[in-house]
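Numbering (our numbering), first residue to last: 1 to 363.
By construction, the Cβ of each residue, glycine as well, lies at the ideal position given by its N, Cα and C atoms.
Only a predicted model underlies this, so the values are computations on that prediction, with no experimental measurement involved.
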């Protein structure tokens with residue numbers, strides 16, 4: 001089985017900065033949402049300091065914040081940003097907290113809009129989503145479903161996006177999400193472009209873990225339009241549904257090169273139980289050497305030590321130019337080996353250093 005969220009969360013408090021940072025990176029890339037991730041990050045800040053706890057915390061792609069954690073996060077962000085310049089590393093960490101709040105579901109931040117506004121006014125923090133937009137999203141939660149549905153008929157694109165999110169929060173958006181996603185399968189006159197509902201639906205499922213549309217989304221992964229394909233890729237990663245892997249196994253050979261590369265990316269980032277087995281099954285079906293090399297990179301980054309020999313082989317066979325793509329994550333091989341196969345660590349270390357160089361510190 002690929003390295004688990006539970007293991008990575010545990011290593012957010014590891015004594016090695018590189019292990020902490022690699023663990024956070026893998027969790028963020030998988031859009032993991034366990035509340036203990038944030039708790040562990042804060043504990044690491046308290047122990048090591050914001051500047052030293054993680055290499056690139058301000059650059060991570062995802063940080064889940066539950067509604068219950070909002071008060072603590074807002075207080076932390078206020079404290080960390082007070083009197084600091086926007087370029088200050090601690091302030092940038094606070095800014096990542098503010099950004100994460102702004103992209104959470106509206107029901108999570110709605111009770112704290114006053115505190116969010118105060119944070120904005122008293123700090124240099126940049127919110128990815130403007131506060132007026134957050135206020136509109138929160139206000140929509142009080143509207144009747146029938147009123148929200150009228151926006152699908154004559155609302156502006158921003159109104160449609162807000163209405164769709166609000167209905168989804170109540171479990172009433174399935175029809176509209178499906179209609180929006182399926183609209184991408186229809187021929188689009190180039191002058192008109194995608195429908196507002198189609199774009200809103202795709203953006204919604206790329207921002208939240210929403211299952212049930214895997215078949216349609218995987219079709220979009222192989223689209224020529226990079227923006228559409230990338231949103232579909234993110235949506236499938238967020239869902240972390242084993243069904244996605246089954247669908248990829250069925251369709252991979254018939255995909256174009258971009259679709260194959262994105263499919264490997266999806267499997268790598270989901271980190272599910274059968275992920276490494278699927279990667280090895282797909283590797284010979286890769287359309288060219290680039291795809292096959294990407295499959296080996298994916299296997300390395302899954303860290304499935306149940307199949308240690310296959311993992312080592314993948315590491316030794318990736319192209320020399322690709323070693324830098326995995327080197328950031330390699331330090332977690334040490335605590336993982338100690339947990340799962342301690343008797344093999346000396347051999348693992350020797351083989352890793354053959355490519356990383358003797359100057360690379362491991363264990």
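Separation of residue 145 and residue 135 (C-alpha to C-alpha, rounded to the nearest whole angstrom) is 18 angstroms. Residue 20 sits away from residue 51, with the two beta carbons spaced by 7 angstroms or more.
By the C-beta criterion, the region 11 to 30 is judged not to be in contact with the region 285 to 292, since fewer than 3 inter-stretch pairs fall below 8 angstroms. Here residue 312 has 351 as same chain residues with Cβ atoms under 6 angstroms from its own Cβ, once five neighbours each way along the sequence are excluded.
Judged by their CB atoms, residue 110 and residue 64 are not nearer to each other than the 7 angstroms cut-off. DSSP places residue 299 in the uninterrupted alpha helix (DSSP H) bounded by 289 to 302. Residue state for residue 341 is assigned as coil, using DSSP reduced to three classes.
Between the alpha carbons of residue 348 and residue 14 lies a distance of about 20 angstroms.
Just so you know, the alpha carbons of residue 130 and residue 319 end up roughly 43 angstroms apart. For the options 61, 44 and 358, the alpha carbon positioned closest to that of residue 54 is the one of 44. Annotation note: the region 130 to 192 contains the following uninterrupted alpha helix (DSSP H) runs of length 4 or greater, listed N- to C-terminal: 131 to 140, 145 to 154, 157 to 169 and 174 to 182. If you look at residue 124, you'll find it isn't in any alpha helix (DSSP H); DSSP assigns it neither H nor E. In the three-state scheme derived from DSSP, where H, G and I count as helix and E and B as strand, residue 240 is classed as coil.
The alpha-carbon separation between residue 162 and residue 241 amounts to approximately 26 angstroms. From the listed residues 37, 300 and 270, the smallest Cα separation to residue 280 is found for 300.
Under a 10 Å Cβ-count criterion, residue 315 is classified as buried, with 16 or more other Cβ atoms of the shown protein chains found around its own Cβ.
With fewer than 16 other Cβ atoms inside 10 Å of its own Cβ, residue 154 counts as exposed. With a beta-carbon spacing of about 7 angstroms, residue 338 and residue 345 fall inside the 8 angstroms limit used to define contacts. In the displayed model, residue 85 falls within coil according to three-state DSSP, outside both helix and strand. The residues 131, 134, 135 and 138, in chain order, have a CB closer than 8 angstroms to that of residue 113 in the same chain once the five nearest residues on each side in sequence are set aside. For residue 198, the uninterrupted alpha helix (DSSP H) segment begins and ends at 196 to 207. Per DSSP, residue 358 lies in no alpha helix (DSSP H) and is assigned neither H nor E. For the pair of segments examined, the region 204 to 215 was found not to touch the region 254 to 273: the number of CB pairs separated by less than 8 angstroms stays below three. Under the three-pair Cβ rule at 8 angstroms, the region 93 to 106 counts as touching the region 72 to 79. Remark: C-beta atoms of residue 214 and residue 243 approach each other more closely than 7 angstroms. In the structure shown, the three-state DSSP call for residue 61 is coil. Residue 298 is a Cβ neighbour of residue 268, given a cutoff of 7 angstroms. Counting the other CB atoms within 10 Å of its CB gives residue 156 a total below 16, which places it among the exposed residues. A residue is called buried once 16 or more other Cβ atoms fall within 10 Å of its Cβ, and residue 359, having fewer, is exposed. Pairing residue 217 with residue 236 gives a Cβ-Cβ distance under 7 angstroms.
Note on residue 292: 16 or more other CB atoms within 10 angstroms of its CB, so buried under the neighbour-count rule.
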